[in-house]
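Accompanying notes for the structure given below.
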Amino acid sequence: MLRKLRERFILSAMAAFGIVMLMLVAGINALNYKVTVDRQDDMLAGIMEYEQIRESRPPGDKPPMISDMPWADGPEADFTTRFFIVHCNGEGQLMDIFHEHISSVDQEEIRKNWVMDRIFEPAMEAKVRERKLRGWRRAVECAHGWAEEEE
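Position one of the sequence shown corresponds to residue 1190 (our numbering), numbered consecutively onward.
What follows is the structure, given as structure tokens:
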């Protein structure tokens, strides 16, 4: 009787410990996933912002260092962040390739290996799209004022 009780206690303690450890690992992974996704979203937004700055730069002007950009994670960003940008026209043909922040790829290699996967066409009617786009622009304008108050 005492032996059976001891075995049940050990099994229940092991099960409780296993459940706690599983919950702990799941929580850590969920938090890590959220932090990683948030960092990637910030980086993509920063690259898009950088793309707008790049287009307004005079030709031949040296691009800023990645570590000088607001979304960079410090001075190591120059060595850990590598990207190139490809601009396409409406038919999916390459128009411009920007590869100043990656040295392992050149324009010819990009052109040779580039394959159009798909072209996205709007599925909704033009009137509906314009109405929703106006609402989205209005929301963005409101968010700009809200974000400035936070800083």
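C-beta atoms are modelled at their ideal positions from N, C-alpha and C, and glycine is treated no differently.
Limits of the unbroken beta strand (DSSP E) element including residue i
| i | result |
| --- | --- |
| isoleucine 1286 | 1283 to 1290 |
Cβ-Cβ separation, residue j to residue i (assumed contact under 8 Å), whole Å
| i | j | result |
| --- | --- | --- |
| valine 1275 | tryptophan 1303 | 7 Å |
| isoleucine 1286 | phenylalanine 1273 | 7 Å |
Coil, strand or helix - residue i by DSSP
| i | result |
| --- | --- |
| phenylalanine 1198 | helix |
| phenylalanine 1273 | strand |
| methionine 1190 | coil |
| phenylalanine 1206 | helix |
| aspartate 1306 | coil |
| glutamate 1340 | A caution first: glutamate 1340 carries a pLDDT of 49, below 50, which makes its placement in the model unreliable, though a value can still be read off. DSSP places glutamate 1340 in coil when its eight states are reduced to three. |
| asparagine 1278 | coil |
| methionine 1313 | coil |
Any non-hydrogen atom of the ligand SAM within 7 Å of residue i CB
| i | result |
| --- | --- |
| glycine 1216 | In the structure shown, the ligand SAM is absent, as is every other ligand, since no ligand is present at all. |
Terminal residues of the alpha helix (DSSP H) in which residue i lies
| i | result |
| --- | --- |
| arginine 1300 | 1296 to 1302 |
Next item on the list: Pair every Cβ in the segment 1303 to 1312 with every Cβ in the segment 1272 to 1287, then say whether three or more of these pairs are closer than 8 Å.
Entry: With a cut-off of 8 Å, the segment 1272 to 1287 and the segment 1303 to 1312 count as touching, because enough Cβ pairs lie within range.
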